[in-house]
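Okay, so here's the structure we're looking at.
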Amino acid sequence: MTNTTATTNTPVITSDAFLKNWQAHRALSRRVLAAFPEKELFEFTIGGMRAYNHLAGEMIGLASAGMNGIVTGKWETTPALDHFNDEVTIATKAELLEAWDDVTEQIDVLWPQIPAERFSETEAAFGQYPNTIINTLQYLFDNEIHHRGQGYVYLRALGIEPPAFWDRF
(Lines of atoms letter the chains of each structure in order from A and count residues from 1; the text may use other names and numbers.)
(Lines give C-alpha, C1' and ligand atoms only; values in the text may rest on other atoms or scores of the structure.)
Protein backbone atom coordinates (compact mmCIF):
# COMPACT_ATOMS: atom_id res chain seq x y z
CA MET A 1 0.00 0.00 0.00
CA THR A 2 1.35 3.39 -0.96
CA ASN A 3 0.70 6.52 1.05
CA THR A 4 0.21 9.65 -0.97
CA THR A 5 -0.20 13.19 0.22
CA ALA A 6 -2.37 15.61 -1.66
CA THR A 7 -1.19 19.19 -1.81
CA THR A 8 -3.89 21.80 -1.46
CA ASN A 9 -4.24 25.46 -0.63
CA THR A 10 -7.28 24.79 1.50
CA PRO A 11 -6.50 25.55 5.14
CA VAL A 12 -7.03 22.86 7.74
CA ILE A 13 -8.82 25.46 9.87
CA THR A 14 -10.00 28.92 8.98
CA SER A 15 -9.27 32.02 10.99
CA ASP A 16 -12.93 32.25 12.00
CA ALA A 17 -12.99 28.60 13.07
CA PHE A 18 -9.81 29.04 15.14
CA LEU A 19 -11.32 32.05 16.90
CA LYS A 20 -14.61 30.23 17.54
CA ASN A 21 -12.73 27.24 19.00
CA TRP A 22 -10.50 29.45 21.18
CA GLN A 23 -13.45 31.45 22.48
CA ALA A 24 -15.32 28.21 23.25
CA HIS A 25 -12.32 27.04 25.28
CA ARG A 26 -12.17 30.45 26.98
CA ALA A 27 -15.84 30.09 27.95
CA LEU A 28 -15.05 26.75 29.57
CA SER A 29 -11.99 28.20 31.31
CA ARG A 30 -14.18 30.99 32.65
CA ARG A 31 -16.62 28.42 34.10
CA VAL A 32 -13.69 26.69 35.82
CA LEU A 33 -12.58 30.02 37.29
CA ALA A 34 -16.14 30.79 38.41
CA ALA A 35 -16.42 27.40 40.15
CA PHE A 36 -13.74 28.31 42.71
CA PRO A 37 -14.76 29.48 46.16
CA GLU A 38 -13.32 32.96 46.78
CA LYS A 39 -10.86 32.00 49.54
CA GLU A 40 -9.51 28.89 47.80
CA LEU A 41 -9.10 30.75 44.51
CA PHE A 42 -6.40 32.86 46.18
CA GLU A 43 -4.95 30.43 48.72
CA PHE A 44 -5.33 26.78 47.69
CA THR A 45 -2.30 25.04 46.17
CA ILE A 46 -1.12 21.52 45.56
CA GLY A 47 2.42 20.25 45.09
CA GLY A 48 4.04 23.64 44.75
CA MET A 49 1.73 24.84 41.96
CA ARG A 50 0.61 28.47 42.11
CA ALA A 51 -2.82 29.38 43.45
CA TYR A 52 -5.43 29.48 40.68
CA ASN A 53 -5.77 33.27 40.78
CA HIS A 54 -2.14 33.44 39.56
CA LEU A 55 -2.80 30.91 36.81
CA ALA A 56 -5.93 32.79 35.71
CA GLY A 57 -3.98 36.04 35.81
CA GLU A 58 -1.37 34.52 33.52
CA MET A 59 -4.02 33.34 31.07
CA ILE A 60 -5.65 36.78 31.10
CA GLY A 61 -2.38 38.69 30.69
CA LEU A 62 -0.95 36.47 27.97
CA ALA A 63 -4.14 36.55 25.90
CA SER A 64 -4.42 40.33 26.20
CA ALA A 65 -0.76 41.14 25.50
CA GLY A 66 -0.60 38.39 22.88
CA MET A 67 -3.53 39.71 20.88
CA ASN A 68 -2.25 43.27 21.20
CA GLY A 69 1.19 42.18 20.00
CA ILE A 70 -0.17 40.18 17.09
CA VAL A 71 -2.27 43.10 15.87
CA THR A 72 -0.06 46.11 16.73
CA GLY A 73 3.44 44.67 17.21
CA LYS A 74 3.38 46.00 20.81
CA TRP A 75 3.43 42.97 23.10
CA GLU A 76 1.92 44.66 26.12
CA THR A 77 -1.35 44.94 27.95
CA THR A 78 -2.93 47.38 30.34
CA PRO A 79 -1.07 47.55 33.66
CA ALA A 80 -4.01 45.96 35.49
CA LEU A 81 -3.64 42.78 33.39
CA ASP A 82 0.16 42.54 33.39
CA HIS A 83 0.84 39.23 35.13
CA PHE A 84 4.60 39.87 34.97
CA ASN A 85 4.20 42.88 37.31
CA ASP A 86 4.19 41.73 40.95
CA GLU A 87 2.79 45.09 42.07
CA VAL A 88 -0.42 44.50 40.12
CA THR A 89 -2.98 42.32 41.83
CA ILE A 90 -6.56 41.52 41.10
CA ALA A 91 -7.91 41.03 44.59
CA THR A 92 -11.31 39.37 44.14
CA LYS A 93 -12.93 36.64 42.10
CA ALA A 94 -15.34 39.21 40.67
CA GLU A 95 -12.40 41.31 39.45
CA LEU A 96 -10.80 38.24 37.84
CA LEU A 97 -14.04 37.36 36.05
CA GLU A 98 -14.44 40.95 34.89
CA ALA A 99 -10.87 40.99 33.57
CA TRP A 100 -11.53 37.65 31.83
CA ASP A 101 -14.61 39.10 30.14
CA ASP A 102 -12.73 42.26 29.12
CA VAL A 103 -10.04 40.18 27.42
CA THR A 104 -12.64 37.99 25.72
CA GLU A 105 -14.12 41.16 24.23
CA GLN A 106 -10.64 42.44 23.33
CA ILE A 107 -9.96 39.23 21.40
CA ASP A 108 -13.24 39.60 19.48
CA VAL A 109 -12.42 43.23 18.60
CA LEU A 110 -8.79 42.62 17.59
CA TRP A 111 -9.17 39.29 15.76
CA PRO A 112 -10.71 40.73 12.57
CA GLN A 113 -7.73 43.11 12.34
CA ILE A 114 -5.30 40.23 11.74
CA PRO A 115 -4.59 40.04 7.99
CA ALA A 116 -4.49 36.47 6.65
CA GLU A 117 -0.78 36.73 5.74
CA ARG A 118 0.07 37.75 9.32
CA PHE A 119 -0.55 34.21 10.59
CA SER A 120 2.51 32.89 8.71
CA GLU A 121 4.82 35.78 9.67
CA THR A 122 7.54 35.21 12.25
CA GLU A 123 7.89 37.61 15.17
CA ALA A 124 9.42 37.43 18.63
CA ALA A 125 6.35 37.23 20.85
CA PHE A 126 6.75 39.39 23.94
CA GLY A 127 10.12 40.40 22.47
CA GLN A 128 11.67 37.02 23.31
CA TYR A 129 10.02 34.02 21.63
CA PRO A 130 10.49 33.93 17.84
CA ASN A 131 7.78 31.92 16.13
CA THR A 132 5.09 32.23 13.53
CA ILE A 133 2.00 34.10 14.64
CA ILE A 134 -0.18 31.00 14.25
CA ASN A 135 2.20 29.05 16.49
CA THR A 136 2.16 31.87 19.04
CA LEU A 137 -1.64 31.79 19.02
CA GLN A 138 -1.51 28.02 19.47
CA TYR A 139 0.82 28.53 22.44
CA LEU A 140 -1.70 30.95 24.04
CA PHE A 141 -4.44 28.38 23.46
CA ASP A 142 -2.34 25.46 24.81
CA ASN A 143 -1.18 27.46 27.84
CA GLU A 144 -4.79 28.16 28.76
CA ILE A 145 -5.79 24.49 28.41
CA HIS A 146 -2.78 23.47 30.54
CA HIS A 147 -3.70 25.86 33.36
CA ARG A 148 -7.39 24.98 33.11
CA GLY A 149 -6.32 21.37 33.72
CA GLN A 150 -4.60 22.48 36.90
CA GLY A 151 -7.87 24.14 37.87
CA TYR A 152 -9.66 20.81 37.41
CA VAL A 153 -7.19 19.16 39.78
CA TYR A 154 -7.70 21.91 42.36
CA LEU A 155 -11.49 21.79 42.14
CA ARG A 156 -11.56 17.99 42.50
CA ALA A 157 -9.18 18.20 45.48
CA LEU A 158 -11.59 20.71 47.02
CA GLY A 159 -14.50 18.29 46.50
CA ILE A 160 -16.04 20.47 43.76
CA GLU A 161 -17.26 18.88 40.53
CA PRO A 162 -15.65 20.89 37.71
CA PRO A 163 -17.46 21.73 34.48
CA ALA A 164 -17.44 18.92 31.89
CA PHE A 165 -14.23 19.31 29.90
CA TRP A 166 -16.01 18.60 26.62
CA ASP A 167 -18.72 21.22 27.16
CA ARG A 168 -17.09 24.16 25.43
CA PHE A 169 -20.27 25.90 24.32
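My numbering applies: residue 8 is where the sequence shown begins, and numbers increase by one.
Backbone N, C-alpha and C define an ideal beta-carbon position, used for all residues, glycine too.
Check                                                                                     : Outcome
Span separating the alpha-carbon of residue 150 from that of residue 173                  : 17 angstroms
Contact under 7 angstroms by Cβ, residue 6 with residue 126                               : Outside the shown range of the chain, which is 8 to 176, sits residue 6, and nothing can be said about it.
Whole beta strand (DSSP E) elements within the segment 84-146, 3-residue minimum          : 129-132, 136-139
Distance, residue 168 Cα to residue 157 Cα                                                : 14 angstroms
Residue 149 (DSSP reduced to helix, strand or coil)                                       : helix
Residue 77 - DSSP class collapsed to helix/strand/coil                                    : helix
Selection from 128, 121, 134, 155 that minimises the alpha carbon distance to residue 142 : 128
C-beta contact flag for residue 63 and residue 117 at 7 angstroms                         : no
C-beta atoms of residue 231 and residue 120 nearer than 7 angstroms                       : The shown model of the chain, from 8 to 176, leaves out residue 231, and the question about it has no answer.
Nearest-angstrom Cα separation, counted from residue 21 out to residue 100                : 34 angstroms
CB of residue 175 within 7 angstroms of CB of residue 35, strictly                        : yes
Residue 83 versus residue 44 - alpha carbon distance                                      : 30 angstroms
Test item: CB-CB of residue 161 and residue 51 under 7 angstroms                          : yes
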